[in-house]
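Peer 1: Each residue of the sequence shown is one higher than the last, beginning at -4 in our numbering.
Note that CB positions come from ideal geometry on N, CA and C, so glycine has one too.
It should be emphasised that the depicted structure is a prediction, and the values quoted were computed from it without experimental measurement.
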Amino acid sequence: MTSAKLTYDGKDYELGLIEGTEGEVGIDTRKLRKDTGGAITYDPGYGNTGSCSSAITFIDGEKGILRYRGYGIEELAEKARFVEVCHLLIYGSLPNEQQLEEFSRRLTLHTLIHEDMKKFFEGYAASAHPMAILSTMVASLSAYYPDSADDHDIDLNIVRLLAKAKTIAAFSYKKSMGHPVIYPSNDLSYTQNFLHMLFALPVEEYRVPTVLDEALNLLLILHADHEQNCSTSAVRMVGSSQANLFVAISAGINALWGPLHGGANQKVIEMLRGIRNDGSDYKKYVAKAKDKDDPFRLMGFGHRVYKNYDPRARLLKKAADDVLAELGVDDPLLDIARELEQVALEDGYFVERNLYPNVDFYSGIIYRAMGIPTEMFTVMFALGRLPGWIAHWKEMREDPTTRIHRPRQIYTGENSRPFVPISER
Ligand code: SDX
């Protein structure tokens, strides 16, 4: 098969095909408008539209497969450290010992943020959502590092962003708690440093518990990339105008915040709390989720691409058991989540629509057990997704065929009409 045929307005058109390394096929419509004299494709939400070709992440939604640069998520979750996965996604290969040491050293040396940035934190209301702080502070990095404007040293800005985003996130948590910020420590790993900045207090010695370090490593790896999701597409869209890395990633942070995307992990816990407070009548909420007249949706359920169990949710469901057991936490919300999943997966409405738990369904249970407040959950998602966003921005910027993203539309407004003076309106 080398082409697709289209018949439109009495004429036949031959459209080329693009085939990926996993056998996916794209019909090439790049000349459609020109060849047909104006007809375009129409696909609101882009469910059937490829925005690019990419070598970073492969998802088979029907089979529940997720691979970063060819490595299965299950193996990476079990055997890799998050910094290795950052290098893999951004530079295309797992680092050797020397590369890992150098990459980790650079990340450590760039973890501090400019002291003047602390004044931003002082200006925020105590109630400010940490996602608002994160997106603003990440965009502001371009003000503190003006050399980032023309991206002349992309690798330096990538290291700055990976290193400083966790510091900004930790400082925003301390701000929300009314605690003094804790500075990073150069003798800690990436994940240990974040947990240290999050939970240490200046009045006592704090050692990062291994169970928290391992749980965070797993959570960050499972969130690290997911091909052309809403926030990654936002990063590519903004980056396609040649806006700098920091502001493109800030756009991704903002897109992720939405409750239909990364904001869902916070909504899942709020939903489970609501069900518990309503007598744990989870069947009532499954019925509400099915009712078209009821705006309630089962948060953490469903996915545009996965029509099978999200492999990340499977790993997180097991991790929730392991982490809570090791921490000695007995969370009734986990029991409700499991009951809710069981009822939904046996219900025709969910089965017919291939609705399964997604990455957000169990992640919040683990964050809670770790002592991370609900409003920080989407920030945790953003910290995990950072290497994925960066990798896609870099791939797009290094692709010589990249064009500024500028979709077309079908206009449905008024036809031409003369101006009406106010006296006649
Ligand atoms: C993430 O894209 C990614 O890769 C995202 C992500 C990543 O790693 O980047 O995986 C992270 O964003 C996960 C998704 C987190 N969001 C939620 O958990 C919010 C709840 N889920 C949904 O709102 C919904 O499932 C979406 C947004 C995830 C997907 O929406 P789609 O693909 O536009 O699907 P749809 O809304 O058209 O739903 C199809 C049908 C509809 O019913 P019908 O019109 O066919 O009768 O399924 C129903 C929907 O009503 N449906 C749900 C439902 N999700 C879909 N019904 C009840 N509860 C739900 N959660």
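1) Can you determine whether any heavy atom of the ligand SDX sits closer than 7 angstroms to the C-beta of F53, and answer yes or no?
2) Alpha carbon to alpha carbon, how far is Y185 from R401? Give it in angstroms, no decimals.
3) Among R363, K262, R231, which one has its Cα closest to the Cα of I399?
4) Give me the Cα-Cα distance between A123 and E92, rounded to the nearest whole angstrom.
5) Return the first residue and the last residue of the beta strand (DSSP E) that I54 is part of.
6) Starting from S130 and walking both ways along the alpha helix (DSSP H), at which residues does that stretch end?
7) For the region 129 to 204, which segments carrying the alpha helix (DSSP H) assignment without a break, of at least 4 residues, lie completely within its bounds, in sequence order?
8) Closer than 7 angstroms to a non-hydrogen atom of the ligand SDX - does that hold for the CB of G296?
9) Spell out whether any CB of chain D is found under 8 angstroms from the CB atom of Y277.
10) Run through DSSP, which three-state label would L10 get?
11) I'd like the ranges of any alpha helix (DSSP H) spanning at least 4 consecutive residues and lying wholly in the region 62 to 101.
12) Label Q261 either buried or exposed according to how many other C-beta atoms from any shown protein chain fall within 10 Å of its C-beta, with 16 as the threshold for buried.
13) Mind checking whether the beta-carbon of V300 lies closer than 7 angstroms to any heavy atom of the ligand SDX?
14) DSSP state of T2, grouped into three classes?
15) When the Cα of A282 is compared with those of G359, Y344, M112, which residue comes out closest?
16) Contact between the region 370 to 386 and the region 326 to 343 is defined here as three or more beta-carbon pairs at a separation below 8 angstroms; is this criterion met?
17) Does F414 come out as helix, strand or coil in the three-state DSSP assignment?
18) Is the closest heavy atom of the ligand SDX to the C-beta of R309 under 7 angstroms?
19) Just confirm the distance between the C-beta atoms of F115 and S130, as a whole number of angstroms; I'd bet it's less than 8 angstroms.
20) By Cβ distance, which residues of its chain are closer than 6 angstroms to H82, with the 5 residues on each side in sequence left out?
21) Using the three-state DSSP reduction, which class does G269 fall into: helix, strand or coil?
22) Evaluate contact between the region 158 to 172 and the region 186 to 193, counting only Cβ atoms and requiring at least three cross-stretch pairs below 8 angstroms.
23) Alpha carbon to alpha carbon, what distance is there between Y201 and I68?
24) Would you decide whether T227 is buried or exposed? Buried here means 16 or more other CB atoms lie within 10 Å of its CB.
25) Given a cut-off of 8 angstroms, decide if P175 and P197 are closer than it, judged by their beta-carbon atoms.
26) Specify, as a first and last residue, the run of the alpha helix (DSSP H) that V230 falls within.
Peer 2: Walking through what the data contain:
1) By 1-based counting over the sequence shown, the position of residue 53 is 58. No.
2) Along the sequence shown, one-based indexing puts residue 401 at 406. Along the sequence shown, one-based indexing puts residue 185 at 190. Near 38 angstroms, if we compare the C-alpha coordinates of Y185 and R401.
3) Walking along the sequence shown from the start, residue 399 turns up at place 404. Across the set R363, K262, R231, the C-alpha of R231 shows the shortest separation from the C-alpha of I399.
4) The sequence position of residue 123 within the sequence shown is 128, counting from 1. The sequence position of residue 92 within the sequence shown is 97, counting from 1. Rounded to whole angstroms, A123 to E92 spans 41 angstroms at the Cα level.
5) If you number the sequence shown from 1, residue 54 lands on position 59. Start and end: 52 to 55.
6) In the sequence shown, residue 130 corresponds to position 135, counting from 1. Taken as a continuous stretch (DSSP letters only), the alpha helix (DSSP H) holding S130 covers 125 to 139.
7) Here the runs fully enclosed are 149 to 172, 185 to 194.
8) Taking the first residue of the sequence shown as 1, we reach residue 296 at position 301. The displayed chain sequence assigns Phe, not Gly, to residue 296. Flag set: Cβ of F296 near the ligand SDX.
9) Checking the listed chains, one finds no chain D in this structure; it contains a single protein chain.
10) Reading the sequence shown from its first residue, position 15 is the one you call residue 10. L10 falls in the strand class under three-state DSSP.
11) Within the region 62 to 101, the complete alpha helix (DSSP H) segments of 4 residues or longer fall at 68 to 74, 77 to 86, listed in chain order.
12) Translated into the one-based positions of the sequence shown, residue 261 becomes position 266. Result: buried.
13) If you number the sequence shown from 1, residue 300 lands on position 305. Result yes, Cβ under 7 angstroms from the ligand SDX.
14) Counting from one through the sequence shown, the residue named residue 2 turns up at place 7. Under the three-state reduction of DSSP output, T2 falls in the strand class.
15) Locating residue 282 in the sequence shown gives position 287, where the first residue counts as 1. Cα-wise, what sits closest to A282 is Y344.
16) Output reads no: the region 326 to 343 does not touch the region 370 to 386.
17) Here residue 414 corresponds to residue number 419 of the sequence shown, with the count starting at 1. The answer is coil: DSSP assigns F414 none of H, G, I, E or B.
18) Position 314 of the sequence shown, counting from 1, holds the residue named residue 309. No, the Cβ of R309 stays beyond 7 angstroms of every heavy atom of the ligand SDX.
19) In the sequence shown, the residue the question calls residue 115 occupies position 120. In the sequence shown, the residue the question calls residue 130 occupies position 135. No, F115 and S130 are not in contact; Cβ-Cβ is about 12 angstroms, not under 8 angstroms.
20) As a position in the sequence shown, residue 82 is number 87, starting the count at 1. Cβ neighbours of H82 within its own chain (closer than 6 angstroms, five residues either side excluded): P90, F98.
21) One-based indexing of the sequence shown puts residue 269 at position 274. G269 carries a helical assignment under DSSP once its states are collapsed to helix, strand and coil.
22) Under the three-pair Cβ rule at 8 angstroms, the region 158 to 172 counts as touching the region 186 to 193.
23) Sequence index remark: in the sequence shown, residue 68 carries index 73 (1-based). Sequence index remark: in the sequence shown, residue 201 carries index 206 (1-based). Cα to Cα, the separation comes out at about 32 angstroms.
24) As a position in the sequence shown, residue 227 is number 232, starting the count at 1. The residue is buried, with at least 16 neighbouring Cβ atoms inside 10 Å.
25) As a position in the sequence shown, residue 197 is number 202, starting the count at 1. As a position in the sequence shown, residue 175 is number 180, starting the count at 1. With contacts defined as CB atoms closer than 8 angstroms, P197 and P175 qualify as a contacting pair.
26) As a position in the sequence shown, residue 230 is number 235, starting the count at 1. Start and end: 225 to 234.
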